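The sequence shown: position 325 = 308 (this note's numbering), numbered continuously.
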Amino acid sequence: MDIALPLIRVQAPNNHGDGARREAVDRKERSPPPVLTQGRLQFKDHGGAVKWFCRVSDATQVEDVLREWGLGTGLTTSLLISVTGDSTSLPSDVTIRAGRGLIGVIRTTGAWVVADAHCGAMEVVGDTVRRVEASSDFRPIVIGVSDWSRIKDKLKTPSQHRNGIYTLESVYRGHVSASPDYQSYQSLKRAQSEDGKSIGDTVDPWDQLDTCFTHFLFLDVGKEKERQKVRASIDSCIATGRFGKSEETNVPVVLTVFGAQERSKAAIRLAAKNGHSVLVIDSQHDGQVLRTDDGKPCPVKVFSGGTAEVFAQTLMNAVISANVAVSECLRLAIVWKMPEHSILALLEKDRKWQDDEQTYRNKIFALALERDIEGTARLLLEHGVHVADFCTEFLHVLFQETCLKKNETVKDIRDVERLIYQRARVKLKLTVTDESGKAVVPGDQTAYLGLFVWALFAHMHEVATFFWGQLNNKMAAALLGHQCLQWLKHHSESEEGREVVRDLMAEYTARALKILDGCYGEKKGNAKKLLVRRRRELGGTSCILLAKNNLVFIQHPACQAVLNDIWIAPLAAENETNSTWRIVLSVFMPFLSGFLLVMNRECAGTRGDDEGASFCNTATNCCGCFRRFYRFFTSPIVKFTYTKLLYLVFLSLFAHGLITESKYVFIVVACWVATLLIEEVFQLCTKRLQYFYDTWNWFDLLAIFLFAIGTALKYNSRSREAGRIVLAVDFIVFSLRILQAFTGLRNIGPMIIMIKKMMIDLGYFLIILLVVVVSYAIATQSIMFPESEPSMDTAFRTLRQPYWSIFGELNLEEIEDDDSCSHNETEWRSGTVARCPDHVSKYAVPILLGVYMLIVQVLLLNLLIAMFSYTISVVQEEADKHWCYLRFKLIRRYHDRSFLVPPFIVLYHVYQVAFTVYRSIGRCAGCMEEEASDAFCKVFSTSEDERLQIWEQMQSEMDVEQPGDRASLQSLPRRQRRTEHDRRRLNEHTFTVYQDNHDRLRPMALRSNRGTEHDRRRLNILSEEISSC
């Protein structure tokens, strides 16, 4: 042992620095000559594959070898499968089923495999490992154990430039069989004989190595009995590693024996002595009971055939029979995703679980969540897990282990709140402070919400669906899920991942729409209240604000009805009450608004309580004239109208100042722009980074910046003309800014979206066009005017003619000679006369021009038209959705504005600054405690809020899909699943519309029938009277 460690440390794969290397070299020189060999093994016949290997003896500390390989605490496993025996003696069907069972166990548990690299089981292990790697991204750790004598004569000692890499001359090349049938020893010999080798010269295939192994341990032990002991000690060494990431424990070891040969009985006895499980794969086991040296029976389980699930269950029974702790069996059952009844049986036997040890329960529950096992998580919650206590202790741990990107840290649950806000832009309130000052999760609903968000960010979609089903506010949670998935879509690294996230976004949107459909179909008024109801558990936001980036949800009629109410509020929304002519007349004569317009019932109270409703109970006395006059100016539609009217006044003054250069008018315009700058600064302070996500804000900044530059240049005598040009361009930018007013129109709004997308297409097209134009320009310039002087004028003239040729200005006269030009270099260099083109250009340039026009006019311009047509068709298909979204943004923007429009808005900003200072010095302590309420996020009374919450919960429970429906949908492909969601929503919506129309038309039909019957009776009476006459 003393002579082995220095060599291992010198040739370790990890670089420990020069100091450590010198120390190891010194220790090696002081030690006796080494008898062990360790390094990297290169398989020359298999693409140069390199594997780690070590030659060990019975005195070698295998722990040191594994640590040098990096298989210590940094890389652990939950199960070790030790494989030995000979599979060639078993029927092929048993071997195939056992191999399939091993594939399932390795994939689900991440088990390590230690196998004999020289026996018949090697091919089963090799085929299993290759199939696991082909079916997933998981690369299992597979350690091969063989005798040193089998390869010592085939190794080539590495030279100095080989960096410690040994080379094997020949190797048994691993393969994936075309069929799952495994070749026997005799068939391998027969295959080698067909390659030209005689049977006598055939190399024993088990003397060669399979490249499926990631590491090799070569035993330099003389006797077979000693080799068996070293082999068992390797399993015991790995078993002393860490289990998962929760606590120190031994890793369960399962000795898997192929065939019950006599030589395998010693390995079974050693495994039983060390407390390891034994699984024998044999179709004809005689049932003989093996006993250890002290006479105790060896607990052996036998697998003689069956499915992969049967193999996993048999392996689990083998682990339990080896007196492994029930807690470890429970962990393994969760890791292997065993059936719920098996886990329930273990829960009933687990003493720790029955003793109500919450820390232990939380660790088991965390393990189930990390494995994305919905059924197990539900089972554990039903049997004693306190979800609020779990989130207080483990929620930040789950985020830390599964959800963090680079430069992100989560130390406690408050960091989780900050992380969610950074990603989803929602201020979740997951914690409260208890009496001791510790942040705790207040209740189960808050805990479910936090776990739901974690499951989405961790891609645990089954668990996310389960926790979403436990929430009371399912519609708001579905919209929150859409927000979280939107962040995942932007940060997904592959297109396939983005497609999966898009499908999930559509699924959660469909869930929210299904609930909203049910609510809106039953009570439209309550459904609109649900959309604007403040959700305190979501940080004080509302459903309609959560859906600010969800175009499909905003398109729903309920959302549009809410926007209609907000757009005209506080005016009554009924068209017959406040007609268009009344509003237009009030805009131009505001003093008439108190007499012409009617306010809604909430005009007297911003909280929507009973006091405000009783104060505004009728249209005539709902408010005094002065109050109605004030409320008129707070309506978004009125603020929008006055803002655009005054903006037209600003553009008129700006145009007057540019054309007449009136000094006084320009001063008024400059003051007006100053108020616009103040408004943008306040918006930036309020919205922060969100301010830059709005394209119109960039227009504002560009216009103000150009105005400042143009003004500075204009009042400088040396740059006056440049200033006029900059101001003229600035006027164009200010004029384009008014297009925002048209985004709320159904016909023009989608056109603006089309223009935006077409500008993107134009940018890509200009890259191609630039290559063609520049190449043709340089070619014609070099032919027509050789030996030109490099200057800006030359560059301008070079590009001018090809550019205008695109629009039909060919300028053919510039190609031909005429009397106004000269070939005399002295004359045209002096600038007195133009230079004539070269003679050869009369023939070459027209040919190039024809080809150039063919490419540009016929090919490229038609390509651009086709791109524009496709973009227009795509936007046109979703025109209504884009219009609803633009309308929402417009209404939201003007709802948040002050009733003072620019340039008078500067007075409102002065008031805001004064009020902020007044509040900061403690003069208005109650102002910070009062909950703000607006039309998009209303605060209802306690009784009303509870009534709406209960009603929403009832509707969501009725509208959520049944488990069978959900299972049937999950079995479909993603695109078919989305189509199935849409089909069901369409059928339900059609039935709702039919039912509404039927209920509305039935009384009319009855009245019509009654009228017809009455007329018939009258006609009969008149006929009788005529007959009697």
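Note that the Cβ used here is the ideal one computed from N, Cα and C, for glycine as well.
Keep in mind it's a predicted model, so treat the numbers as computed, not measured.
Asked	Found
Hey, how far is the Cα of Q959 from the Cα of E479?	For Q959, the predicted model reports a pLDDT of 43, less than 50, meaning its position is unreliable and no value from the coordinates is stated.
Which value, in whole angstroms, describes the spacing of the CA atoms of G591 and I874?	Any reading at G591 needs caution, since the residue's pLDDT is 42, under 50, leaving its predicted position unreliable; the model's value is listed next. G591 and I874: Cα-Cα distance of roughly 20 Å.
Helix, strand or coil: which one does DSSP assign to C37?	strand
In terms of residues, what are the limits of the alpha helix (DSSP H) holding K256?	K248 to K256
Are the CB atoms of L463 and V399 nearer to each other than 8 Å?	no
Rounded to whole angstroms, what is the Cα-Cα separation between D713 and F536?	38 Å
Which term fits K388, buried or exposed, when burial requires 16 or more other beta carbons within 10 angstroms of its beta carbon?	exposed
For E912 and S525, I'd like the C-alpha separation in whole angstroms.	Any reading at E912 needs caution, since the residue's pLDDT is 43, under 50, leaving its predicted position unreliable; the model's value is listed next. Near 19 Å, if we compare the C-alpha coordinates of S525 and E912.
Closest by CA to S635, which one among V652, F623, Y647 and Y625?	V652
Could you give the first and the last residue of the continuous alpha helix (DSSP H) run that contains D76?	S75 to T92
What whole-angstrom Cβ distance do Y759 and Y835 have, given they're in contact under 8 Å?	5 Å
Can you check which of these residues, V115, C819 and R517, is closest to E796 by C-alpha distance?	C819
From M775 to Q895, what does the alpha carbon distance come to, in whole angstroms?	53 Å
What three-state label does DSSP hand F682 in the structure shown?	helix
When DSSP builds the beta bridges, which residues end up paired with S260?	V237
Measure the C-alpha to C-alpha separation of V857 and D863 and round it to an integer number of angstroms.	12 Å
Residues in the same chain with beta-carbon distance under 7 Å from H806, minus the five sequence neighbours each way, listed in chain order, please.	C819
Output the distance between the C-alpha atoms of G53 and H442, rounded to the nearest integer angstrom.	29 Å
May I ask you to report which of helix, strand or coil DSSP gives R930?	helix
Around the C-beta of M572, are 16 or more other C-beta atoms found within 10 angstroms, so that it is buried, or is it exposed?	exposed
Helix, strand or coil: which one does DSSP assign to C804?	strand
Just to confirm, is the Cβ distance from R90 to S119 under 8 Å?	yes
Applying the 10 Å Cβ sphere with the 16-neighbour rule, what's the burial state of V841?	exposed
Drop a sphere of 10 angstroms on the beta-carbon of E357, count the other beta-carbons inside from all chains shown, and report buried for 16 or more, exposed for fewer.	buried
Which same chain residues end up closer than 6 Å to P553 when comparing Cβ atoms and leaving out the 5 residues on each side of it in sequence?	M582, N583, C586 and R614
List in chain order: all unbroken alpha helix (DSSP H) runs of 4+ residues lying wholly within the stretch 405 to 465.	427 to 440 and 444 to 453
Where V893 and V900 are concerned, what is the direct C-alpha to C-alpha distance, given to the nearest angstrom?	11 Å
Please determine, among D677, L844, W679 and F690, the residue with the shortest C-alpha to C-alpha distance to V756.	L844
Going by CA-CA distance only, name the one from L513, N345 and L85 that's closest to I498.	L513
Do you know how far the Cα of K346 is from the Cα of E376?	10 Å
Can at least three beta-carbon pairs, one atom from the stretch 560 to 579 and one from the stretch 539 to 548, be found at a separation below 8 Å?	no
Report yes if the CB atom of I549 is closer than 8 Å to the CB atom of H878, and no otherwise.	yes
Determine the DSSP secondary structure at Q21, reduced to helix, strand or coil.	strand
State whether the stretch 735 to 755 contacts the stretch 649 to 666, with contact taken as three or more CB pairs (one from each stretch) at a distance under 8 Å.	no
What's the C-alpha gap between R664 and F612?	At residue 664 the sequence reads Val, which differs from the Arg that was named. Roughly 30 Å between the two C-alpha positions.
When the Cα of A918 is compared with those of T809, V45 and I551, which residue comes out closest?	I551
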